[in-house]
Structures are given as structure tokens and as C-alpha cells.
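First to last, the sequence lines map onto chains E and F.
Per this note's numbering, the very first residue in the first sequence carries number 4; after that it's consecutive.
Per this note's numbering, the very first residue in the second sequence carries number 4; after that it's consecutive.
Below is one structure; the comments refer to it alone.
2 protein chains.
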Amino acid sequence: MNMNFSELKQNKKNRLKRVQNFLEGKYVQKENIVKLLENLIEPMDTVCIEGNNQKQAEFLAKSFVQVDPEKVNHIHIIQSSLILSEHIEIFEKGIANKLDFSYASIFGSRLLELAQQGKVTIQGMHTFLELYSRYFLDLTPRVALIVAEKADKEGNLYTGANTEDTPVIVEATAFRNGIVIAEVNEIVDKLPRIDIPSDWVDVVVLSPNKPLINPLFTRDPAKINETKILMAMMIIKGIYAKYGVNRLNHGVGYCTSAVELLLPTYAESLGLKGKICQYMAMNPIPTLIPAIESGFIKKVCVYGGETGMDIYAKSRPDIFSTGRDGTLRSNRCYSQMVGLYGIDLFAGATLQMDIFGNSTTATLGRITGFGGAPNIGGNSSGRRHATQSWLMAGNENKKNENDILRGKKLVVQAVETFQPSGAPSFVEELDAWKLQEQLNMPLPPIMIYGEDVTHIVTEEGMANLLLCRTAEDREQAIRCIAGKTSVGLKRDLNKLNELREKRIVTYPEDIGIHKSEASRDLLSAKSIQDLVECSQGLYQPPAKFLR
Amino acid sequence: MNMNFSELKQNKKNRLKRVQNFLEGKYVQKENIVKLLENLIEPMDTVCIEGNNQKQAEFLAKSFVQVDPEKVNHIHIIQSSLILSEHIEIFEKGIANKLDFSYASIFGSRLLELAQQGKVTIQGMHTFLELYSRYFLDLTPRVALIVAEKADKEGNLYTGANTEDTPVIVEATAFRNGIVIAEVNEIVDKLPRIDIPSDWVDVVVLSPNKPLINPLFTRDPAKINETKILMAMMIIKGIYAKYGVNRLNHGVGYCTSAVELLLPTYAESLGLKGKICQYMAMNPIPTLIPAIESGFIKKVCVYGGETGMDIYAKSRPDIFSTGRDGTLRSNRCYSQMVGLYGIDLFAGATLQMDIFGNSTTATLGRITGFGGAPNIGGNSSGRRHATQSWLMAGNENKKNENDILRGKKLVVQAVETFQPSGAPSFVEELDAWKLQEQLNMPLPPIMIYGEDVTHIVTEEGMANLLLCRTAEDREQAIRCIAGKTSVGLKRDLNKLNELREKRIVTYPEDIGIHKSEASRDLLSAKSIQDLVECSQGLYQPPAKFLR
Numbered sequence: 004m005n006m007n008f009s010e011l012k013q014n015k016k017n018r019l020k021r022v023q024n025f026l027e028g029k030y031v032q033k034e035n036i037v038k039l040l041e042n043l044i045e046p047m048d049t050v051c052i053e054g055n056n057q058k059q060a061e062f063l064a065k066s067f068v069q070v071d072p073e074k075v076n077h078i079h080i081i082q083s084s085l086i087l088s089e090h091i092e093i094f095e096k097g098i099a100n101k102l103d104f105s106y107a108s109i110f111g112s113r114l115l116e117l118a119q120q121g122k123v124t125i126q127g128m129h130t131f132l133e134l135y136s137r138y139f140l141d142l143t144p145r146v147a148l149i150v151a152e153k154a155d156k157e158g159n160l161y162t163g164a165n166t167e168d169t170p171v172i173v174e175a176t177a178f179r180n181g182i183v184i185a186e187v188n189e190i191v192d193k194l195p196r197i198d199i200p201s202d203w204v205d206v207v208v209l210s211p212n213k214p215l216i217n218p219l220f221t222r223d224p225a226k227i228n229e230t231k232i233l234m235a236m237m238i239i240k241g242i243y244a245k246y247g248v249n250r251l252n253h254g255v256g257y258c259t260s261a262v263e264l265l266l267p268t269y270a271e272s273l274g275l276k277g278k279i280c281q282y283m284a285m286n287p288i289p290t291l292i293p294a295i296e297s298g299f300i301k302k303v304c305v306y307g308g309e310t311g312m313d314i315y316a317k318s319r320p321d322i323f324s325t326g327r328d329g330t331l332r333s334n335r336c337y338s339q340m341v342g343l344y345g346i347d348l349f350a351g352a353t354l355q356m357d358i359f360g361n362s363t364t365a366t367l368g369r370i371t372g373f374g375g376a377p378n379i380g381g382n383s384s385g386r387r388h389a390t391q392s393w394l395m396a397g398n399e400n401k402k403n404e405n406d407i408l409r410g411k412k413l414v415v416q417a418v419e420t421f422q423p424s425g426a427p428s429f430v431e432e433l434d435a436w437k438l439q440e441q442l443n444m445p446l447p448p449i450m451i452y453g454e455d456v457t458h459i460v461t462e463e464g465m466a467n468l469l470l471c472r473t474a475e476d477r478e479q480a481i482r483c484i485a486g487k488t489s490v491g492l493k494r495d496l497n498k499l500n501e502l503r504e505k506r507i508v509t510y511p512e513d514i515g516i517h518k519s520e521a522s523r524d525l526l527s528a529k530s531i532q533d534l535v536e537c538s539q540g541l542y543q544p545p546a547k548f549l550r
Numbered sequence: 004m005n006m007n008f009s010e011l012k013q014n015k016k017n018r019l020k021r022v023q024n025f026l027e028g029k030y031v032q033k034e035n036i037v038k039l040l041e042n043l044i045e046p047m048d049t050v051c052i053e054g055n056n057q058k059q060a061e062f063l064a065k066s067f068v069q070v071d072p073e074k075v076n077h078i079h080i081i082q083s084s085l086i087l088s089e090h091i092e093i094f095e096k097g098i099a100n101k102l103d104f105s106y107a108s109i110f111g112s113r114l115l116e117l118a119q120q121g122k123v124t125i126q127g128m129h130t131f132l133e134l135y136s137r138y139f140l141d142l143t144p145r146v147a148l149i150v151a152e153k154a155d156k157e158g159n160l161y162t163g164a165n166t167e168d169t170p171v172i173v174e175a176t177a178f179r180n181g182i183v184i185a186e187v188n189e190i191v192d193k194l195p196r197i198d199i200p201s202d203w204v205d206v207v208v209l210s211p212n213k214p215l216i217n218p219l220f221t222r223d224p225a226k227i228n229e230t231k232i233l234m235a236m237m238i239i240k241g242i243y244a245k246y247g248v249n250r251l252n253h254g255v256g257y258c259t260s261a262v263e264l265l266l267p268t269y270a271e272s273l274g275l276k277g278k279i280c281q282y283m284a285m286n287p288i289p290t291l292i293p294a295i296e297s298g299f300i301k302k303v304c305v306y307g308g309e310t311g312m313d314i315y316a317k318s319r320p321d322i323f324s325t326g327r328d329g330t331l332r333s334n335r336c337y338s339q340m341v342g343l344y345g346i347d348l349f350a351g352a353t354l355q356m357d358i359f360g361n362s363t364t365a366t367l368g369r370i371t372g373f374g375g376a377p378n379i380g381g382n383s384s385g386r387r388h389a390t391q392s393w394l395m396a397g398n399e400n401k402k403n404e405n406d407i408l409r410g411k412k413l414v415v416q417a418v419e420t421f422q423p424s425g426a427p428s429f430v431e432e433l434d435a436w437k438l439q440e441q442l443n444m445p446l447p448p449i450m451i452y453g454e455d456v457t458h459i460v461t462e463e464g465m466a467n468l469l470l471c472r473t474a475e476d477r478e479q480a481i482r483c484i485a486g487k488t489s490v491g492l493k494r495d496l497n498k499l500n501e502l503r504e505k506r507i508v509t510y511p512e513d514i515g516i517h518k519s520e521a522s523r524d525l526l527s528a529k530s531i532q533d534l535v536e537c538s539q540g541l542y543q544p545p546a547k548f549l550r
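Quick look at the structure:
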């Protein structure tokens, strides 16, 4: 037998030779980037165009869609997030035709159309950590188009405050003889710190524009209403205080932002400082500022950066990970791992929930993907270290007296009974089932399965699914907090009293919360301007928030 | 309020100032290392002494135990593996008194004694990924004592073929203003590649000795007997072929080594080449060589290195991750992630299993820890991409017709009914329960819970737990393959026929395997020497295997 076990290496050498004319050291002129990509990328390649939640390899994406589809086609895109219109155009233009991804942001509908036209085959939807895992096993990028802030002459890279996916993409690609192409905003003699060593990088291009970073996770306290405050009070008093939750993740939304803003006021008045919410795994969002400044929160492990928060994070190195240069270090892969194994509670929101507690953001006519939610909102059977919260939840979850005690992650879905659009949040059947049929998917696109959800909080009250012993209890618990939705109207009033007695259903008054207390006065910051002041001017919000 | 949010940074600066006299650039002379540690490490510090499965920060460990316990004490050790006797001495000498860990190797009994004497408080046992997660949130090393092969003058590090935990320890420590101290075997002008940039490193010391690396995972084919071969045949034909398992992890043991050696012979004769076992997430162990050389295995994602395999791995870059220098890149954190989310099957072994399928390597008189097994052998509720194997297992696992279809990871426990020591592998009650009492642990130290196990394979036959619909079926399925152990003797012979009919219990003849076929002739390599030849001399086994 005469097998060749160095095909990838030889092929890489050949590719780089083909584009040698365009290169000076590792650098290519921006005018030549399209030609370089056209000559370097081969049909059928797996390609990752770095698409994070926030920063994007924008110049490379814009360049890649300009290659000649006669030369470069049948590309298999494997990247976590589709954020730029170029991430869709690549399929429209016939350059790529296969996709593995995690999150499609606003492109859910266009992606569905393309799939129906046969222009893209969706090979798989993954959580972030799942896609990164496959990068190292059966789905390695042949070419990675990545983005960094600065490079030095040798091609060492500085990713700065928004590191996100870069290290994991580069490691998977570079160590499999893949090709790593980086766009940077600036070339300097000496980098503030090295995030990616130059020998992991093949080509560097100076981008003509600084890529746009959107303040995706910033929530303006001015928009937090009394309903959200009431829900936040129930979460703090009814869940965080009860279980002693000290390590957690908050999803993006006004309700969890309300929780953050109530920590130095309401939670502190309940004597909870030093007892709950000391360790947060989440993006560095501005509504954390009052709880940080008051010493409530001790550490924040970040997935990415947030516009306007760079100087604040730099000035709070005990709270945030920072490099030798003082700038934030964010690493989505490690933070997602923390979200799975390091936290005791995940609190998030959803668009639809059924009577089994299954929830999803996938609705008719779109293919979305769930980013990290299934991972962070999933209970890990592999976890072995115990905390008070994890054991208490596990204890409540024991269905029979003789079951072995297992710990359990708390998973809280906080959702108003109706969405801002007027659509009910609670439904008898998720759209996900129709979507599955429509798209011929092996499974319905459910974001978090009911068995992982432990608490549901609405403006009506709270359901503790851990304590339910029968399917009927579970269904009725959900109906009893589903308000005036059709799901809620089917509640059994006799059952309600029983469930309240068992503490499966808790209304605010059951835990001594009066609706009239839920006032905006409880917010430690009522506006973006308040957050700026609280940060001593270190938080510098984008202009649009100050209008 | 006047809070200081830069305490860690200032404290780090102070510490480095205290040891400035010992430093030339980042370098300290080996004669001064004990003094440096004594002056740099403070009481109550969290310290990680890099302890991997294989490579160890040995010189730093030996130096650390020499510090004066009057000056340095109450240290909280947070490290994945306790491998060196110094990892225990640190507690005996009163330098450290708290421990968070993953795996205690041969020190299970000494650790238990120390705990009973009050010299160490075990704060937590974790899987690897779980401990790394906490490094980024609530359990960050203040000081990390790490190991690399080479450093350059600036302090950039080359970890070479055995990278293992280094990147994750360093990232967690360096970006929290912790102190990173590296021992290296060699100082060179130019590194073959940079694995850790110098600005993540504070102190470097040239170690007087090259640390010992043991071939922990190498199994000699000469020691594989017909029983293991029979079990391997059942695994290949009864599980891998049935589900089409293409991405998997093998634990360490003769049975899974037998599977590897049967791939180019038995499995190929069944027409399974290109259909199973193409992507392996496991250490680069020599028994993989014949399957790699014959083109059966396409890729191996490695957790660490293995003695003797460096040149082979370097010569097979299509199979193994290698750096620009050609040398193996192993990264335990990423590989553990792959073990959770990227594979469809885990096959391992255990010391004890109860009648519920719970299994553990923890036995009386020792505190062990489970390394990565709970993670790799755990089903992830967060996984969202589908494969044939995962869906088929999930389908079999549906307890009621109306249950939602979920995918499921296959978890195979392959164990002979009696251990080599003569102890039965199957027991009515695990020692773990007594251990829990003895050590006052919150939960019994169970390695893999029964609900995660899908198949149990013994020399008697195979139990498919997915198909069991009642607790009684499950218990009897286990008893029916437990041979002459007291658990096995309690089998219900009437039930046996029913279970065989339902394919819950499968004996070799039920799937057309005759015990007489299970011959050593099926092994593609019968000795270490055969493996060397198969590798064309590229595998260079340690001398002890060639005696």
C-alpha cells in the first residue's frame, strides 16, 4: 500500500505557491485580495468567514463574494453566526452551497428561501460549542477568514477587547494545515499584546475600513417597565435567594437587565449582597455597572465585548479578564464552556413555549439557530462538583423517594404572557413542529427542552417545574401562569389551589411581593445617562443611546 | 464609595517587585527558584501545579514543596491531575490544605488518609472541562506553575507534542492578573513554533532535568486475549455497524485496543471500511496504527501525546493535528469539548457496575476522581446537530410512543464479569455509597450514571439498555450478561428468552458470532514489534515494551 498522509500539507504548499506573486511576506495588498482568494480557495473547500455576535471579518466577507463562481464554487460554509448580508450573498451567488452554523440573526427568512430554492443545503444547526467541537474532528475549516484589530510586521495578531471566536477558529485551522487569512485595521511595529502568534497565520491584509461593531446587548434602563420589574423581583426573591444562586448567566433581555439593576437596591435590601450573583458569565453589558460599582458582583466572565464598555472594563481588572495591555480579553469558546459547567443558573427568554415547557425562538418562515442557548440552558450529566443551589434543585427534582440524588442546573425562562407583537408566548403546539415538516428536518428546532427548564416566570407568577410529579401537574403549572393566552384560559382552577399549596405555582403575593412595590424607583439606574454617571464616565455609550 | 477594582493587578506588581532581585528579564536561575516561589506565593493563594495525564511541571513541583510552610501556607491547589508524589507532599508538609481536582491517579488512598487527618479539605471533584470552566469564573489560579519544552529569550513558549492543559491554564491565569511561572527543558534563539506568547508569561526557569513522560495509554497487543477479542467483535458488529458509528472516543483498555486492531481485519471483512470509526477523539495510541495505515481511520483528535508516537504523528499530518513545525498539537480542553459534543459514541471500561447500570472506578479506601469520563460518557442535552447514529439511539430510547424524539450519545461499558483481581465487576450496590458516607460527600462518587449508559458488553453478551421499557427489564438485562457473579446468578431464566427476543440481551451467536472465531489471528498486530513494522519504523516504543 502506498498511501499519502500529507495531502493537506502539500496542497497547502501548492495553494500558497499559486498566490506567491500577491504576497510580500505574509501581507497582501487590499487591491489583490479578491484575486488571492480566487486562486487560493478551491471548489468544495470548507470555509469559515469569521462571524461573531459582534465583530465580523467584514472586508474579507465583502471580498469573498466577489470571486468568480465559475472558479470557486460548491463551498461548504462552517461558521457560527450569519450577521452580514455577504454571509447570505455567498449562497445567492452560487459560490457556496452547504452550511453548518449556529445562529442566523436577521437572515432566518432569506436562508429558508435559499434552502427552498436548493441554493443551500443546511447540513447542521449547532450550539457554538458543538460547532467548535466539530472544527477539531470532522468539520475543520480548510480556509479561515478571520479578523483582528492589529498585526505586526511578522503577522502576529492582536484581537483586543473583542476576541470571541478567533482563537478557536485559528487553532482548529492552523494545526490541520488549513489556511488562515486575517484582516486587520492597523499594522504596528509592536503589538499591545499577542493574541495569535504569527506562525498560526498565513496571510494578512489591511482592511480599508474599521469593521462596524453593534451594541447588540445593551438595554436602555429607560425602557424597563413595571412588569419587567415585578418579574425581576420574583426571580430575585423566589429563585436566586431561595437557592443561593451565586454563579449564573443572564440572556439578553429587559427582564434580566431589570434583575441586574435591582441587585444594589431590592436584592441588597433583602440582605442578599455577598450571597447571590457574585459570579456572572455573560457579556459586559452596561446594566451590570451599578451592581459592580456597589461590590455586589465580583467577577464577570465575558463571551465578547460590548460597544462603549472597553474603557470601563479596562478600569475594572478585578472584575473582567484583561490582558497585559489592560484591554478586555473575551473568548467565546471558554465562556460557553463556563456556561455549561461553571454556572448554577441560566435565565433567559423565549418567543414560544408549549404546555410541556419546551421553548424556542424558531417560528414559521425562518431558520434561525440558537447560538449558545441550548448549551448554557442545558443540564450537564457530566458535572460532578456540588453547590448548594445545584443540590437543592436536584433534591426538588427527585421524582421518587428512592431515586439517586443528582444535582441540577436551574434554568429560568422569563417571558411575558404575550410578546410585544401581540402573539401569545404560550401555545398548545410550537411552530417548530410545522417548521420541521416544512424543512424536512430530523428534529423540530426546539431551543430548550422542557425537561431542562426548571422555572417559568411571567407577570402572573412563577411555575417551579422541579416540584411537579405528574405530567398533569406540569401542564397545569404552565397554564396557571400563562395569563389570558388560550393556554392560560384552560387552567383548572381547582388544580390551581393545590399547585399553590405545593409551591409549584407561586404568585407574587405568595412570597410577599406586592405588585405596587414593582416601581421604577427600584432601578439603580433609570437611564443610559445614569449608567454613565454610575461608571464615573468610564462607560461611553454609542451616540444613539444618548439622543 | 471608594472601591479599588485593581487589587489583583497591584498585588501582582508588588509580588513581582519582591522577587525582582532573582530575575533577569523573565528568567530566574534554578538555584533561586525556591526562594522566588517563597517570596512570590502568598498564604491562601490558589495555585495550579500543572499536572497533566502525561507531562508534569516536575521541577516546579519539587521546588514548591521546599518552600517554608511558615511563610507559605493555606494554599488552595486547583489542578486537574495529581500524578507526582510532590502533589501529595504539598499537603503533608502543611503548605497547602485545600484541593479542587479531577483525577488522583495512584494517590487515591494517600489523599483519603490526608483528608481524614484534616490535612486537606477536598473542595470539589470535577471532570476536566468542569475544572477548566471554574478557572474562568470562581476558581482562577493566582499562580500557575506550568511546563513547556522550550522557551526563547523573550519567554515565548513551545509546548511541542504534549500541549495538554497548558493553554487553558495560562489563559485563565494570565488574563486575570495571575502569575505564570514556566519551567522549560531548553532555551533557544528561535522556537520551532510559538504555543504561548511571552506576554502571557511572567517567569521562566530552565529545569535541570527533562521531565519523565510515561507511556500511560500504550497497550501491548501481545496481552490481548480471546475474551477481549470476542467482546471487540460484538462491539464492532453489534454496535458500531448497527448504528453506523463514525465519530467516537475509546477509553484506555485492552478491549477497545482490540477493537482498534480488528478494524483492518474483522471490520473490513464485514464491509465496514468508510462506514465506521473514521473520526476518533482519543490519545495517539499505538494500537491505532494499523487502522490508520490501512486508511480505515481518517482523523484523530488528540488529548495529549503518547511516548514513542511523536515521529509517527509528525509523519501523518492528515491524521493528526500538527503545527507549522510538523510536531503534534494536543489540547486537552478542546479535545474534551469534542468528547462532549463532537462524538456519537464513547466506549470505556469500569471497575464496578450496579444493577441500575451506574458505574464507577471509585472503590473503598481511595478518593480517585474521574478525569474526563463523566464528560465524554455524558449525554449532552444541548447538542442540536443530528447524525444517523445519534437519531437511531434516540429512537430506541423513546420510552413512550408519544415522547418527543431526542438524539442520544451511545455510551458503551465493556467489562469482563470479573476483574483481573478476582473481584466481581457487577455488584448489587456500589462501594461509592459507603465512600460517600465515609467521606461525608454530598453525592456518591459515581463515574457514569446508568441513565447515560446505553450498552454493556461482557464476555457473556451485550445488554442494550436503550430498549428497556421497565426497571425490571433493565435490571434483568444486566443480570443476564453478568455471568457467574452473584448479580448474574440472580438472573431470571424465563425473562432471558423474552429479553433476547426483544434484542435487549444479545449473545454472540444471536448476531452470528461464534466464540471459536474470536482468535488472535484477527489482530492486525500481535505485538509491539508488529506495530513498529506497520508504522514503517515511525513508531518508536519505549525500551520496556521491547524486552
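The beta carbon of each residue, even a glycine, is placed where N, CA and C say it ideally should be.
Since we're looking at a predicted model, the values are computed, not measured.
- For the set E:S297, E:A546, E:T366, the Cα lying nearest the Cα of Q532 of chain E is the one of E:A546.
- The beta carbon of Y246 of chain E sits closer than 8 Å to those of D347, L348, Q391, S392, M395, A396, L413, all from its chain and outside the five residues before and after it, given in chain order.
- Per DSSP, A466 of chain E is one residue of the beta strand (DSSP E) stretching across 465-467.
- In the DSSP assignment, D155 of chain E falls within the unbroken beta strand (DSSP E) covering 146-155.
- Within the DSSP bridge table, the entry for S383 of chain F names E:S383 as partners.
- At least one CB atom of chain E sits nearer than 8 Å to the CB of A284 of chain F.
- Between H388 of chain F and the set E:M283, E:A365, E:S105, the nearest pair of CA atoms involves E:S105.
- Taking a C-beta distance under 8 Å as the contact criterion, F25 of chain E and L39 of chain E qualify as a contact pair.
- The closest CA to that of A185 of chain E, considering only E:A235, E:A60, E:P72, E:F299, is found on E:A60.
- Straight-line spacing of the CA atoms in H458 of chain F and K193 of chain F works out to 51 Å.
- In the structure shown, Q441 of chain E adopts helical secondary structure according to DSSP, grouped into three states.
- Of all residues in the region 6-20 of chain F, the ones placed with a Cβ closer than 9 Å to any Cβ belonging to chain E are M6, N7, F8, S9, E10, L11, K12, in chain order.
- Under the three-state reduction of DSSP output, V303 of chain E falls in the strand class.
- In the three-state reduction of the DSSP assignment, S519 of chain F falls in the helix class.
- The criterion of a C-beta distance shorter than 8 Å is not satisfied by G307 of chain E and N405 of chain E.
- Taking the beta carbon of V341 of chain F as reference, the chain E residues within 7 Å of it are S136, F139, L140, listed in sequence order.
- For E432 of chain E, the number of other beta carbons within 10 angstroms of its own is below 16, and it is reported as exposed.
- P427 of chain E carries a strand assignment under DSSP once its states are collapsed to helix, strand and coil.
- Using a Cβ distance threshold of 8 Å, V123 of chain E and N159 of chain E do not count as a contacting pair.
- For the region 365-378 of chain F, residues whose beta-carbon sits nearer than 9 Å to a beta-carbon of chain E comprise G372, F373, G375, A376, P377, N378.
- The continuous beta strand (DSSP E) containing D103 of chain F extends over residues 99-106.
- Going by DSSP, C51 of chain E is part of the beta strand (DSSP E) stretching over 49-52.
- Each residue's CA atom was taken as its position, placing L367 of chain F and R506 of chain E some 40 Å apart.
- If you compare the alpha carbons of E:D71, E:W436, E:I172 with that of A365 of chain E, the shortest gap goes to E:W436.
- In the DSSP assignment, L348 of chain F falls within the unbroken beta strand (DSSP E) covering 348-351.
- Straight through space, the alpha carbons of P448 of chain E and L438 of chain E are spaced by roughly 8 Å.
- Counting other Cβ atoms within 10 Å of its Cβ, I238 of chain F reaches 16 or more and is therefore classed as buried.
- For Y337 of chain F, the enclosing alpha helix (DSSP H) begins and ends at 335-344.
- In the displayed model, M283 of chain F falls within a strand according to three-state DSSP.
- R386 of chain F and A175 of chain E have their alpha carbons spaced roughly 20 Å apart.
- Not a single CB atom of chain F sits nearer than 8 Å to the CB of F220 of chain E.
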